[in-house]
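Going by the working numbering, the first residue of the sequence shown is number 435, and it counts up by one from there. Inspection log for the structure reproduced underneath, given as structure tokens.
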Amino acid sequence: MCRVTSTTADRPRARLPGRPDTAKHRRPGSPAPPDQASQKETAIFTRTTPPPLPELTKLAQDGTLPGILRQLSGLGGCTTPIRLDGHRTEYDIDTGTGEIGRVLHHLDSADLPAGQLLVRCNNRRTTRCAACAEVYRRDTFQLITSGLRGGKGVPERVGTHPRVFATLTAPSFGPVHNRPSGPAGTVRPCRCGVRHDQEDAVLGTPLDPDTYDYDAAVLWNAHAGPLWQRFSIYLRREVAKRAGLSQRLFRQHARVSFAKVAEYQKRGAVHFHAVIRLDGPTGGDTPPPPWATAELLTDAIGAAAAKVRVDGPVIDGRAHTFTFGRQLDVRTIRSADFNDGQEVTERAVA
435 MCRVTSTTAD RPRARLPGRP DTAKHRRPGS PAPPDQASQK ETAIFTRTTP PPLPELTKLA
495 QDGTLPGILR QLSGLGGCTT PIRLDGHRTE YDIDTGTGEI GRVLHHLDSA DLPAGQLLVR
555 CNNRRTTRCA ACAEVYRRDT FQLITSGLRG GKGVPERVGT HPRVFATLTA PSFGPVHNRP
615 SGPAGTVRPC RCGVRHDQED AVLGTPLDPD TYDYDAAVLW NAHAGPLWQR FSIYLRREVA
675 KRAGLSQRLF RQHARVSFAK VAEYQKRGAV HFHAVIRLDG PTGGDTPPPP WATAELLTDA
735 IGAAAAKVRV DGPVIDGRAH TFTFGRQLDV RTIRSADFND GQEVTERAVA
């Protein structure tokens, strides 16, 4: 015998448990009616706001509070769970005849204590959900670490493969307030004449808003993904070129593996941090060829970053073309046994 599942669910809606779903009754950005606004406030707690004791008391009297707590405990602290409406039914199937038998399990969201099935939002941004963002951060740490020194199903030999930590930045769209530092790490005055504090709100804002290229800055963020994709293609070509191989032969000898993250700079422009590694032809489980070195990889990254470009739209008669900025930082990743100013450790990268 086997099991077949029948599932139906409405479109998921992301909101807090107990918060009225007012979005479908009014346009985004418009103020909520007074009665809905007062209900919404009961779902938002601060240190100075007492919990809605009457509502909690009612849940306790109805006997639904323990069930709601069990539902919420499965969210792992998610503050913006997705609420699903629908039902799920599992049937017993006779594998010989294909006949559908008795119901093994039936779940209806309306029968749950919260009235809906609650699932984690899994948002990566701390500003949206700190709990889910922390889970993502820890998972990312483990993935990067295993790719650098093995573990989690990755062979330990990857720790001997050539790998670098590269930072590719956006081009300049105009001077901004910053905190330039000297050789000894001392902070120098900005071009505006002020020595900004690290938390100064003006950091990253244009020195001259009238001449700052806002259009190009916005379009750069929209084209950063395609630019990286094209960079990865150019990088493989440059590595193959330095190894004296064609693209087809290169795939038979080595592979370029990488893990990247995109991060916003203070000025709001996206830049990329990437761990780039040279492997054998099938990946981390095979050793790279003798010619594969961190120096060759570093040189290929510089050449690929300088050549890659993506054409953007034509706006008001101006054609936009996007490239990476001049600030390119590539450092060899070393094991923790060595120390060099131009290298970084595996743990520091992760």
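Where a beta carbon is used, it is the ideal one built from N, C-alpha and C, also for glycine. Quick caveat: nothing in here was measured; it's all calculated off a predicted structure.
Give me the DSSP bridge partner(s) of residue i.
i: K694; result: A708
i: I749; result: R752
i: V652; result: Bridge partners of V652: none, in fact.
i: S615; result: V621
i: V628; result: Answer by DSSP bridge pairing: none, since V628 is not bridged.
i: L551; result: L518
i: P640; result: V610
i: G717; result: G714
For residue i, count the other beta carbons within 10 Å of its own beta carbon; 16 or more makes it buried, fewer makes it exposed. Which is it?
i: L503; result: exposed
i: E672; result: buried
i: G775; result: Because G775 sits at a pLDDT of 45, beneath the cut-off of 50, its placement in the model cannot be relied upon, and the point is left open.
i: D573; result: exposed
i: Q681; result: exposed
i: F684; result: buried
i: G463; result: In this predicted model, G463 has a pLDDT of only 44, less than 50, meaning its place in the structure is not dependable; the value taken from the coordinates is given anyway. G463 should be labelled exposed.
i: L582; result: buried
i: K458; result: The pLDDT assigned to K458 is 42, lower than 50, so where the model puts this residue is not dependable, and the model offers no usable value.
i: P722; result: buried
Could you say which of the options lies nearest to residue i if we only look at CA atoms?
i: L762; options: D719, R711, H707 and R752; result: H707
i: I516; options: V748, L669, V553 and T766; result: V553
i: S615; options: F607, T755, C624 and Q699; result: C624
i: V764; options: L730, G746 and R752; result: L730
i: D634; options: T755, R701 and T513; result: R701
i: V537; options: P547, T523, F607 and S543; result: T523
i: I749; options: K675, A650 and L669; result: A650
i: I667; options: N556, L551 and A738; result: A738
i: F758; options: P722, L661 and S691; result: L661
i: G508; options: R571, H521, I534 and A548; result: A548
i: T514; options: D545, C566 and P500; result: C566
i: G511; options: G608, S543 and N557; result: N557
i: P640; options: L669, F665, A656 and F607; result: F607
Taking the alpha-carbon positions, what's the residue i to residue j distance?
i: Y648; j: G718; result: 42 Å
i: T766; j: A728; result: 6 Å
i: H539; j: D526; result: 9 Å
i: R711; j: D528; result: 51 Å
i: A726; j: A734; result: 11 Å
i: V592; j: V628; result: 47 Å
i: W654; j: G530; result: 60 Å
i: Q663; j: T620; result: 37 Å
i: T560; j: F575; result: 16 Å
i: Q699; j: G638; result: 8 Å
Assuming residue i and residue j form a contact by the criterion Cβ under 8 Å, report the distance between their Cβ atoms to the nearest whole angstrom.
i: V704; j: A658; result: 4 Å
i: A693; j: V709; result: 5 Å
i: A688; j: P724; result: 11 Å between Cβ atoms; not a contact.
i: L518; j: Q550; result: 6 Å
i: T755; j: R743; result: 6 Å
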